[in-house]
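Written out below as C-alpha cells is the structure these notes cover.
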Amino acid sequence: MSESTTKTQQISLSKGINLGLRRALEDDPKVLLMGEDIGKLGGVFRVTDGLQKDFGEARVVDTPLAESGIVGTAVGLALAGYRPVVEIQFDGFVYPAFDQIVTQVAKMRARALGKVSMPIVIRIPFGGGIGAVEHHSESPEAYFAMTAGLRVVAASNPVEAYWMIQQAIASDDPVIFFEPKRRYWDKAELDPTATPYPLYASRVVRPGTDATLVAYGPMVKTCLEAAAAAADEGRSLEVIDLRTLSPLDLEPVYASVRKTGRLITVHEASVFLGMGAEIAAKVTEKCFYSLEAPVLRVGAPHTPYPPSRVEEEFLPDLDRVLDAVDRAFAF
Amino acid sequence: MVTSRKGAGGKTAAKKKAGATNPDLVQLLTPEGDLVEHPEYSIDLTPEEYRGLYRDMVLVRRIDAEGTALQRQGELGLWAPLLGQEAAQVGSGRAQTAEDYAFPTYREHGVAWCRDVDPVNLLGMFRGVNNGGWDPNEKNFHLYTIVIGSQTLHATGYAMGMQRDGREGAVIAYFGDGASSQGDVNEAFVFASVNNAPVVFFCQNNQWAISEPNERQFRVPLYQRAAGFGFPGVRVDGNDVLACLAVTRAALEHARSGNGPMLVEAFTYRMGAHTTTDDPTRYRSADELEEWKAKDPIMRMRAFLENSKNADEAFFKEVDDEADAVAADIRARCVAMTDPQPISIFDHVYAEPHPLMDEERAEYGAYWESFEGAH
Ligand SMILES: Cc1ncc(C[n+]2csc(CCOP(=O)(O)OP(=O)(O)O)c2C)c(N)n1
C-alpha cells in the first residue's frame, strides 16, 4: 500500500474517487480506465487526475469520442478478462451508450448461463445544481435501475465514494456508479485503513424518531440539512442514505418507518416513475399499519431539466423537504 | 448579405501564383495573403465582397470575444469560443443561399452571423435563461446541439425531406473532428449516401476534441473517409476564407444539383480553450499554438486586402469601430436578459394538454407563489 492509502486525510468527493481508482489500479493489473479526456486532462472534473501519468496510457485510456464505442469495447474487454472502469463525461451523454448498456451489458451473464461475467463499472457524474447548460444536469438513474442485470449505486460523500468505487470495481456484476457532481468539492476526513460498509446496503446516516427521509447521492446532504433545521424546530428526522438503487435495500427503511410512522423520499429525478415511487409502493405494502401518513415524494416536476437560471427552483431544497415533512404531519 | 454564388467577376488587383499549393489541401490565399491557384476551385469576387468577408470575420471574432468576456464577468455560465475558426465559419456561411438550411453544433457563432441570426439569441443558452431560444425556421438555422454528432442525422433527414418536396437549396451539417467518432455521424453518412440526400457535411477539424488530439480519433485523414461511404470528400484550408467559400459553394451546388452528399473537412485550429471551463495548458504545447497563430485567418485576409489595394486604412478603422459597436450592443442586451419565471418550465413541453403537466403546474405554481414577498 502506498502512503496515500494509509494516511488519514481531508479529501473531496472527487479526490475520494481518484484515490479509490488509484488503489484499484494498484491492486489489480486487470483494472483499466477508459473515457473521454481522462488522461492528460484528468477528466473534465479531474477525477482521474494524475492516474495516466502514474499508470500509463495502456491502463488509463483516452478513448475516441463515442460512448457506444466506449461501453461496447468494455464489454469485449470484460469478456477477455479485464475489469474496465469507464467514465461517461456527463449524465446526458450516456444515451448513445444506452443500447450497449441495457441490451448487452445487462443481459450477457444470463444469456451465457452464468459462464461469463461483466465486471464493468460505468461512472456517471449526475444531477444538477452547478449552473451547467442542458444535458449536463440529468438524473437518469431510474432507466438503469429498471433494467435487470445491472447494479446501480450512488455515492453521497467523499468517504463513501472512496470505498464504493473500489467495491464496485471488485464486483463481478456490471455497476452503474453515480457520482453527485454538485458534491464533488465537498470535503471529509478519510481513514483508508477503516473497514468499509457493504456496497449493496442502505444506511441510516442520522437517527431520528418523528419522520424518515430517504435520499441518495446529492440529496443526502440536503436531507441532513433539513433534519438539522427540523431539529431546531423540535422535530427529530431520521435520514437514510439509500446508497444502492438496484438492488434496493429497504429493510432499514421499513425499520425506520415502523419507528417514525412517516416517510418522505427525496431525489432530483422526476417524481413521476422515479425511485421514490417504487419505495412508496414497497413501504405501503410492508408498513401499512405503521404509517401515520401516506408516503410523500419530493423530486422534480415532469419537465425537461430547465435552464440553469431556474434550477434552484426546480431542484428539491431544504424548504421543499421541510414542506413535505409539514404535510406528513398534517395528516 | 450573401455573396453571389457565381462570383461577380470584379477585378482583383492581386496576382495569382500558380500551383503553389498542395492539391489535397485546397488553398486560394496563402498565410502571407497572396492569391494562389487551385486546379479545381477558384474564386473571383468584387472588392466589396472581399471586404465583406474581412468585415464578417472581424465582427465574428469580436462577438466571440465578447462571449468570453461576458462569461468571465459572470454574465454567462459558459461560452464555447471559436477563435481561429472564423474563416471556416464565414466562408461556409457566406456560401449558403437563403434556401439552404444549416444545422450547427454549439460553436457556430460565425455561421449564425452569416445567416443573419441576432447574436444575442446565441447567448441565452450559455446564460442559462433558455435551452435554445430561437425559431430555427426563421433563418433556416437550427438550434445549437450539444450532444456530439446528433445534428448530422437531423440534417440528413431534413435534406431527405427537401429532396422529396423538390425544394430549392441544400442542407449543411456542422460537426467537429471528435464528432467523427460518433455512431450518429457515421450513420448520417450512410443515410445521406444511400438516399443521395442534398447535404454537405462540414467538419471543422480544429485538431482537438477537448484534450484529445486527432490521433485519438482517427488514422485516416477525415476527408478521405467520405470515399468509403460513397461520396466525395475534400480538405480545405480552414484558415483561408476564400477557399472555404469556394469549396463550400461547390459542395452545396453539388448537393443542390442532385449529386448527393459531400464532405468538406476544413483544416483549422482552435486557438482558444475548448470552452471557458477548459484549461488547454494541461494538454497542448505553446509551440503548436504559435505555429497556428501565424496562419491567423483574419491577418491573412487583411494582408490580401492591403497588398491588393482593395482596402485602405479608413476601411479597417471603420470595421474596428463597427466591431466595438456590435460588442457594446451585445453586452447591453445580454445583461438586460432577465431570468425566466420558474413556472415557464411547464411551457411548450407538449403540443396538446397533458394532465400531469397541468396538475404539477398548479401545484408548483401555488408553492412558488407562497414564497413571493417572503424574501
Ligand atoms: C455525446 C457527447 N459526449 C460527450 C460530450 C462532451 N463534449 C462536449 S464537446 C466535446 C469535444 C468535441 O470535439 P469536436 O467534435 O472535435 O468539436 P469541437 O468542440 O472541437 O469543435 C466533448 C467530449 C458531448 N457534448 N456529447
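Chains A and B, in that order, are what the protein sequence lines are.
Heads up, the first sequence is in the working numbering, so the first residue is 275 and it goes up one at a time.
Heads up, the second sequence is in the working numbering, so the first residue is 18 and it goes up one at a time.
Cβ coordinates follow ideal geometry from the N, Cα and C atoms, glycine included.
TODO: Would you decide whether His291(B) is buried or exposed? Buried here means 16 or more other CB atoms lie within 10 Å of its CB.
DONE: As a first step, residue 291(B) is located in the second sequence; it is residue number 274 there, counting from the start. Classification for His291(B): buried.
TODO: Could you check what DSSP says for Ala30(B) in three-state terms: helix, strand or coil?
DONE: Working through the second sequence from its first residue, we reach residue 30(B) at position 13. At Ala30(B), the pLDDT of 46 sits below 50, so the modelled position is not reliable; the number obtained from the coordinates is stated separately. Here Ala30(B) sits in coil by DSSP.
- [ ] Would you mind telling me which residues of chain A sit closer than 8 Å to Gln168(B), beta carbon to beta carbon, in chain order?
- [x] Locating residue 168(B) in the second sequence gives position 151, counting from the first residue. The premise fails here: Gln168(B) is roughly 13 Å from chain A at the closest Cβ pair, so nothing lies under 8 Å.
Open item on the list: Please determine whether the Cβ atom of Ile163(B) lies at a distance below 7 Å from any heavy atom of ligand 1.
Closed with: Along the second sequence, one-based indexing puts residue 163(B) at 146. Yes - ligand 1 has a heavy atom lying nearer than 7 Å to the Cβ of Ile163(B).
Task: Close beta carbons around Asp446(A), own chain, < 6 Å, minus the five adjacent residues each side - done: By 1-based counting over the first sequence, the position of residue 446(A) is 172. Counting only Cβ-Cβ distances below 6 Å, and skipping sequence neighbours, we find Ser391 and Pro393.
TODO: Quick one: measure Cβ to Cβ for Ile443(A) and Val395(A), integer angstroms, because I've assumed they're closer than 8 Å.
DONE: The sequence position of residue 443(A) within the first sequence is 169, counting from 1. The sequence position of residue 395(A) within the first sequence is 121, counting from 1. Confirmed, about 5 Å.
TODO: In angstroms with no decimal places, state the Cα-to-Cα distance between Ala435(A) and Asp301(A).
DONE: To locate residue 435(A), count along the first sequence from 1; it is residue 161. To locate residue 301(A), count along the first sequence from 1; it is residue 27. Their Cα atoms are separated by approximately 18 Å.
Task: Within-8 Å CB hit, Tyr191(B) to chain A - done: Taking the first residue of the second sequence as 1, we reach residue 191(B) at position 174. Cβ-Cβ to chain A under 8 Å: no for Tyr191(B).
Task: Rounded C-alpha distance that separates Arg287(B) from Leu280(B) - done: Counting from 1 along the second sequence, the entry for residue 287(B) is found at position 270. Counting from 1 along the second sequence, the entry for residue 280(B) is found at position 263. Cα-Cα distance, rounded: 20 Å.
Open item on the list: Given the structure, does Gln221(B) come close to ligand 1, in the sense that its CB is under 7 Å from one of the ligand's heavy atoms?
Closed with: Indexing the second sequence from 1 puts residue 221(B) at position 204. Yes, ligand 1 has a heavy atom inside 7 Å of this Cβ.
Task: Contact test: Gly290(A) Cβ vs ligand 3 heavy atom, cutoff 7 Å - done: In the structure shown, ligand 3 is absent; the only ligands present are ligand 1.
Task: Per-residue burial, Trp385(B) [other beta carbons within 10 Å of its own, 16 or more giving buried] - done: Counted from its first residue, the second sequence places residue 385(B) at position 368. With fewer than 16 other Cβ atoms within 10 Å, it is exposed.
Open item on the list: Taking DSSP's pairing of strands, which residues face Ser520(A) in a bridge?
Closed with: Taking the first residue of the first sequence as 1, we reach residue 520(A) at position 246. Val426(A).
TODO: List the residues of chain B that Phe546(A) touches, going by C-beta distances under 8 Å, in chain order.
DONE: Along the first sequence, one-based indexing puts residue 546(A) at 272. The contacting residues are Leu373.
- [ ] State the CB to CB distance for the pair Ser476(A) and Leu516(A), rounded to an integer number of angstroms; the pair is presumed to be in contact (CB under 8 Å).
- [x] Taking the first sequence and counting its residues from 1, the one referred to as residue 476(A) is at position 202. Taking the first sequence and counting its residues from 1, the one referred to as residue 516(A) is at position 242. 5 Å between Cβ atoms; contact.
- [ ] Go through its chain and collect everything with a Cβ distance to Val207(B)'s Cβ below 8 Å, but skip five positions before and after it.
- [x] The count along the second sequence starts at 1 and reaches residue 207(B) at position 190. Cβ within range, chain order: Phe246.
Open item on the list: Could you check whether Ala340(A) and Met308(A) sit closer than 8 Å to each other, using their CB atoms as the reference points?
Closed with: In the first sequence, the residue the question calls residue 308(A) occupies position 34. In the first sequence, the residue the question calls residue 340(A) occupies position 66. No, the Cβ-Cβ distance between Met308(A) and Ala340(A) is not below 8 Å.
Open item on the list: If the cut-off is 8 Å on Cβ atoms, which residues from the stretch 200-226 of chain B count as contacting chain A, listed in chain order?
Closed with: Gly200, Asp201 and Ala226
TODO: Go ahead and label Ser274(B) buried or exposed: buried means 16 or more other beta carbons lie within 10 angstroms of its beta carbon, across all protein chains shown.
DONE: The residue labelled residue 274(B) in the question sits at position 257 within the second sequence. The residue is exposed, with fewer than 16 neighbouring Cβ atoms inside 10 Å.
- [ ] Ignore the nearest five residues each way along the sequence and tell me which others in Phe388(B)'s own chain have a CB closer than 8 Å to its CB.
- [x] Counting from 1 along the second sequence, the entry for residue 388(B) is found at position 371. Correct list: empty, nothing qualifies.
Open item on the list: Suppose the cutoff is 6 Å on Cβ atoms and the five residues either side in sequence are ignored; what does the same chain contact list for Val511(A) look like?
Closed with: The residue labelled residue 511(A) in the question sits at position 237 within the first sequence. According to the sequence shown, residue 511(A) is Leu rather than Val. So the qualifying residues of the chain are Gly482, Ala485, Leu487, Ala501 and Ala504.
- [ ] Can you give me the start and stop residues for the alpha helix (DSSP H) that Ala442(A) sits inside?
- [x] Working through the first sequence from its first residue, we reach residue 442(A) at position 168. Start and end: Pro432 to Ala444.
- [ ] Return the chain-ordered list of same chain residues with a C-beta closer than 7 Å to the C-beta of Gly535(A), the five sequence neighbours on each side being excluded.
- [x] The residue labelled residue 535(A) in the question sits at position 261 within the first sequence. Ser564, Leu565 and Glu566, listed in sequence order.
- [ ] Would you please state the rounded distance, in angstroms, between the beta carbons of Gly401(A) and Gly491(A)? I believe it to be under 8 Å.
- [x] Translated into the one-based positions of the first sequence, residue 401(A) becomes position 127. Translated into the one-based positions of the first sequence, residue 491(A) becomes position 217. Correct: roughly 6 Å between the Cβ atoms.
Open item on the list: Quick test of your reading: Tyr118(B) and Gly186(B), contact by CB under 8 Å. State the CB separation rounded to the nearest angstrom.
Closed with: Stepping through the second sequence from its first residue, residue 118(B) is reached at position 101. Stepping through the second sequence from its first residue, residue 186(B) is reached at position 169. Sure, about 7 Å apart at Cβ, within 8 Å.
Task: Amino acids of chain A, ordered along the chain, whose beta-carbon sits closer than 9 Å to that of Ser302(B) - done: What you label residue 302(B) is simply residue 285 of the second sequence in a count that begins at 1. Correct list: empty, because the minimum Cβ distance to chain A is about 11 Å.
TODO: State the beta-bridge partners of Trp309(B) as determined by DSSP.
DONE: On the second sequence, residue 309(B) is found 292 positions in, with the first residue counted as 1. DSSP output for Trp309(B) lists no bridge partner at all.
TODO: Would you verify that the beta carbon of Phe284(B) is, or is not, closer than 8 Å to some beta carbon of chain A?
DONE: Translated into the one-based positions of the second sequence, residue 284(B) becomes position 267. Phe284(B) does not count as touching chain A.
TODO: Going by CA-CA distance only, name the one from Met549(A), Lys556(A), Phe546(A) and Thr282(A) that's closest to Ala529(A).
DONE: Start at 1 with the first residue of the first sequence, and residue 529(A) comes out as number 255. When only C-alpha atoms are compared, the closest one is Lys556(A).
- [ ] Return helix, strand or coil for Cys220(B), following the three-state DSSP convention.
- [x] Residue 220(B) sits at position 203 when you count from the first residue of the second sequence. It is a strand residue.
- [ ] Taking 8 Å as the threshold, find out whether the stretch 448-456 of chain A comes into contact with the stretch 398-415 of chain A through three or more Cβ pairs.
- [x] yes
Task: C-alpha gap between Glu587(A) and Pro359(B), whole angstroms - done: The sequence position of residue 587(A) within the first sequence is 313, counting from 1. The sequence position of residue 359(B) within the second sequence is 342, counting from 1. Taking the straight line from one Cα to the other gives about 7 Å.
Task: Outcome for Lys334(B) when other beta-carbon atoms lying within 10 angstroms are tallied against a minimum of 16 - done: Counting from 1 along the second sequence, the entry for residue 334(B) is found at position 317. Classification for Lys334(B): exposed.
Open item on the list: Please classify Lys495(A) as buried or exposed, where buried requires at least 16 other C-beta atoms within 10 Å of its C-beta.
Closed with: The residue labelled residue 495(A) in the question sits at position 221 within the first sequence. With 16 or more other Cβ atoms within 10 Å, it is buried.
- [ ] Counting only runs of 3+ residues fully inside the stretch 183-242 of chain B, write out the beta strand (DSSP E) ranges in chain order.
- [x] 188-193 and 216-222
- [ ] Report whether the distance from the Cβ of Phe367(A) to the nearest heavy atom of ligand 1 is below 7 Å.
- [x] Looking up residue 367(A) in the first sequence gives position 93. For ligand 1, at least one heavy atom lies less than 7 Å from the Cβ of Phe367(A).
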